[in-house]
Every structure is written in C-alpha cells, then in structure tokens.
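A.B. asks: Numbered according to our numbering, the sequence shown spans residues 2 to 204.
Even for Gly, the Cβ is constructed at its ideal location relative to N, Cα and C.
Okay, here's the structure, questions in a sec.
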Amino acid sequence: MLTQQAVKIDNMMKELYRLTTGFLTLAPEEFERSVETIIKLKESIQSTRRELLDYISRLAPALLYKEEWLRLAFRFDDISDKIIGIVYRLEHFVNYKPKMPHEIAEIIEKIDERVLDIISTFRTALSLLLVDIHRSLNACQKVEELEKEIDHLYRRSIFTILDTSLPLRETMMLKEIAEMTETIADLVEKASNDLRIIIINLL
Numbered sequence: 002m003l004t005q006q007a008v009k010i011d012n013m014m015k016e017l018y019r020l021t022t023g024f025l026t027l028a029p030e031e032f033e034r035s036v037e038t039i040i041k042l043k044e045s046i047q048s049t050r051r052e053l054l055d056y057i058s059r060l061a062p063a064l065l066y067k068e069e070w071l072r073l074a075f076r077f078d079d080i081s082d083k084i085i086g087i088v089y090r091l092e093h094f095v096n097y098k099p100k101m102p103h104e105i106a107e108i109i110e111k112i113d114e115r116v117l118d119i120i121s122t123f124r125t126a127l128s129l130l131l132v133d134i135h136r137s138l139n140a141c142q143k144v145e146e147l148e149k150e151i152d153h154l155y156r157r158s159i160f161t162i163l164d165t166s167l168p169l170r171e172t173m174m175l176k177e178i179a180e181m182t183e184t185i186a187d188l189v190e191k192a193s194n195d196l197r198i199i200i201i202n203l204l
C-alpha cells in the first residue's frame with residue numbers, strides 16, 4: 002500500500018509539473034481538469050492512508066518499527082497537502098497571467114524536475130525494500146543527495162524571485178510556491194530516513 006501511495010504522489014507531482022511549466026499558456030478549463038485530477042489523487046491518498054492505519058493497528062503486536070511505518074503513512078498526506086497548496090497559488094497566475102520573467106520560470110522548472118527525481122527515487126527505495134535491501138538503502142542515499150541539490154536551487158530561487166519586478170503579491174506567491182516545493186523535498190527525505198531506519202534494522 003505504501004508503494005501505491007508513492008505512485009499517487011508521483012502522479013500528483015507530474016501533473017503539478019505540467020501546470021508549473023505551462024500555467025501561463027494553459028486555458029482555464031485545461032487547468033481545472035488538472036486540478037480535478039490532483040484533488041482526486043489527494044482523496045485517494047487519504048482513503049488509502051485510513052486503510053494503512055487500520056492494517057498497521059491490526060498488526061501492531063507483531064509489527065516491528067511501528068512508529069516508522071506510521072510516520073511513513075502520514076508523510077504522503079503532508080506531501081499531497083503541499084502540492085494542493087501550490088496548485089491553488091498557481092491558479093492566481095492562470096487567472097491574471099502576469100508577465101513572468103524567464104529566469105524565474107526557468108529556476109522553478111528546475112526545482113520541480115529535481116523534486117520529480119527525488120519522488121521517483123523514493124519510489125524505487127520503497128519498491129526494492131522486499132526485493133533487494135542494499136539497493137533500497139542506496140536509493141535512500143540518493144534521496145539525501147537530491148535533497149541537497151534541491152535546497153541549493155531553492156536558495157538561488159529566493160534571490161531570483163525577490164529581485165523580480167513583479168508586483169508584491171505575485172512576488173510573495175512565487176516565494177511561497179518555491180518554499181512549498183522545497184518542503185516537499187524535505188518531506189520526501191524524512192520519509193526516506195524513516196525507511197532507512199527500517200532497512201538498517203533489517204540488515
């Protein structure tokens with residue numbers, strides 16, 4: 002079930018990436034279709050989380066590292082919340098279509114690409130857990146490296162955004178989008194660390 006959750010998060014992020022890279026050219030109805038897809042994925046994550054918690058509670062006496070599994074179950078909710086938050090901020094730009102400086106669009110796209118990479122790598126770590134524990138651990142290490150790259154891009158993006166000539170409201174919204182995107186990477190790394198604790202104790 003956790004792997005299914007990771008797939009849903011991956012699909013949410015792919016849809017968000019499509020919006021982020023095309024929000025100034027997307028027709029409002031096209032944007033709304035993507036928002037509906039993202040919301041449905043979010044609802045599915047919440048539903049599966051309830052099933053997961055029920056499953057974990059039933060296995061509790063026999064389940065090792067229960068706290069780590071529980072934290073993992075909730076990480077997906079936290080990540081999906083951030084994605085939804087970004088989508089609603091993008092909606093403002095779709096409606097008002099301000100002139101977006103190329104350098105801002107470029108660095109936000111780079112951050113999103115790296116966040117897609119970190120989510121995909123975490124998916125790999127999860128899927129390898131019962132197949133090849135050492136490769137799963139290596140994927141967790143890769144997650145840590147990607148998070149550092151994203152953090153560097155995020156810091157660069159903040160200076161780029163604050164130097165923009167956009168109105169204050171749009172500038173602050175872009176800053177929030179960058180912050181929330183970087184938080185997604187942080188949450189994925191935390192989920193990876195939870196998984197790493199489980200792996201190390203299984204070695």
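Out of curiosity, what's the CA-to-CA distance linking residue 140 and residue 163?
C.D. replies: Here the question's residue 140 lines up with position 139 in the sequence shown. Here the question's residue 163 lines up with position 162 in the sequence shown. Approximately 35 angstroms, taken between the alpha carbons.
A.B. asks: Is it buried or exposed for residue 239, if we count other Cβ within 10 angstroms and need 16 for buried?
C.D. replies: Here the chain has residues from 2 to 204 only, and residue 239 is not among them.
A.B. asks: Ignore the nearest five residues each way along the sequence and tell me which others in residue 159's own chain have a CB closer than 7 angstroms to its CB.
C.D. replies: Within the sequence shown, residue 159 is the residue found at index 158, counting from 1. So the qualifying residues of the chain are 176, 179.
A.B. asks: Rounded to a whole number of angstroms, what is the C-alpha to C-alpha distance between residue 112 and residue 183?
C.D. replies: For this step, residue 112 is matched to residue 111 along the sequence shown. For this step, residue 183 is matched to residue 182 along the sequence shown. So the two alpha carbons sit approximately 8 angstroms from each other.
A.B. asks: CA-CA distance, residue 123 and residue 28?
C.D. replies: Within the sequence shown, residue 123 is the residue found at index 122, counting from 1. Within the sequence shown, residue 28 is the residue found at index 27, counting from 1. Each residue's Cα considered, the two are about 33 angstroms apart.
A.B. asks: Alpha carbon to alpha carbon, what distance is there between residue 32 and residue 76?
C.D. replies: Residue numbering aside, residue 76 sits at position 75 when the sequence shown is read from its first letter. Residue numbering aside, residue 32 sits at position 31 when the sequence shown is read from its first letter. Spanning the two alpha carbons is a distance of roughly 26 angstroms.
A.B. asks: Excluding the 5 residues flanking residue 171 on each side, which residues of the same chain have their C-beta closer than 6 angstroms to its C-beta?
C.D. replies: One-based indexing of the sequence shown puts residue 171 at position 170. Answer for residue 171: 99, listed in chain order.
A.B. asks: May I have the straight-line CA-CA distance separating residue 186 from residue 45, to the nearest angstrom?
C.D. replies: Translated into positions along the sequence shown, residue 186 becomes position 185. Translated into positions along the sequence shown, residue 45 becomes position 44. Distance between the alpha carbons of residue 186 and residue 45: 21 angstroms.
A.B. asks: Whole angstroms are fine: how far does the CA of residue 116 sit from the CA of residue 18?
C.D. replies: Residue mapping note: residue 18 aligns to position 17 of the sequence shown, counting from 1. Residue mapping note: residue 116 aligns to position 115 of the sequence shown, counting from 1. Each residue's alpha carbon lies about 9 angstroms from the other.
A.B. asks: Go ahead and label residue 55 buried or exposed: buried means 16 or more other beta carbons lie within 10 angstroms of its beta carbon, across all protein chains shown.
C.D. replies: For the purposes of this step, residue 55 is identified with residue 54 of the sequence shown, where counting begins at 1. Result: exposed.
A.B. asks: Candidates 87, 26, 9, 197: which alpha carbon is nearest residue 173's?
C.D. replies: For this step, residue 173 is matched to residue 172 along the sequence shown. Taking only the C-alpha atoms, the option nearest residue 173 is 87.
A.B. asks: Can you check which of these residues, 96, 195, 189, is closest to residue 26 by C-alpha distance?
C.D. replies: Your numbering for residue 26 matches position 25 in the sequence shown. Ranking 96, 195, 189 by Cα distance to residue 26 puts 96 first.
A.B. asks: For residue 2, is the classification buried or exposed, using 16 other Cβ atoms within 10 angstroms of its Cβ as the cut-off for buried?
C.D. replies: Residue 2 sits at position 1 when you count from the first residue of the sequence shown. With fewer than 16 Cβ atoms within 10 Å of its Cβ, residue 2 is classed as exposed.
A.B. asks: Suppose contacts are defined by Cβ-Cβ distances below 7 angstroms. Is residue 188 in contact with residue 80 by that definition?
C.D. replies: Position 187 of the sequence shown, counting from 1, holds the residue named residue 188. Position 79 of the sequence shown, counting from 1, holds the residue named residue 80. Cβ distance < 7 angstroms, so residue 188 and residue 80 count as in contact.
A.B. asks: Counting along the chain, where does the alpha helix (DSSP H) carrying residue 78 start and finish?
C.D. replies: Counting from one through the sequence shown, the residue named residue 78 turns up at place 77. Where residue 78 is concerned, the enclosing alpha helix (DSSP H) stretches over 67 to 97.
A.B. asks: Suppose the cutoff is 8 angstroms on Cβ atoms and the five residues either side in sequence are ignored; what does the same chain contact list for residue 5 look like?
C.D. replies: Start at 1 with the first residue of the sequence shown, and residue 5 comes out as number 4. Excluding residues within five positions, the ones whose Cβ falls inside 8 angstroms are 49.
A.B. asks: With respect to the alpha helix (DSSP H) encompassing residue 123, which residues constitute its N-terminal and C-terminal limits?
C.D. replies: As a first step, residue 123 must be located in the sequence shown, where it is residue number 122. Its alpha helix (DSSP H) spans residues 103 to 129.
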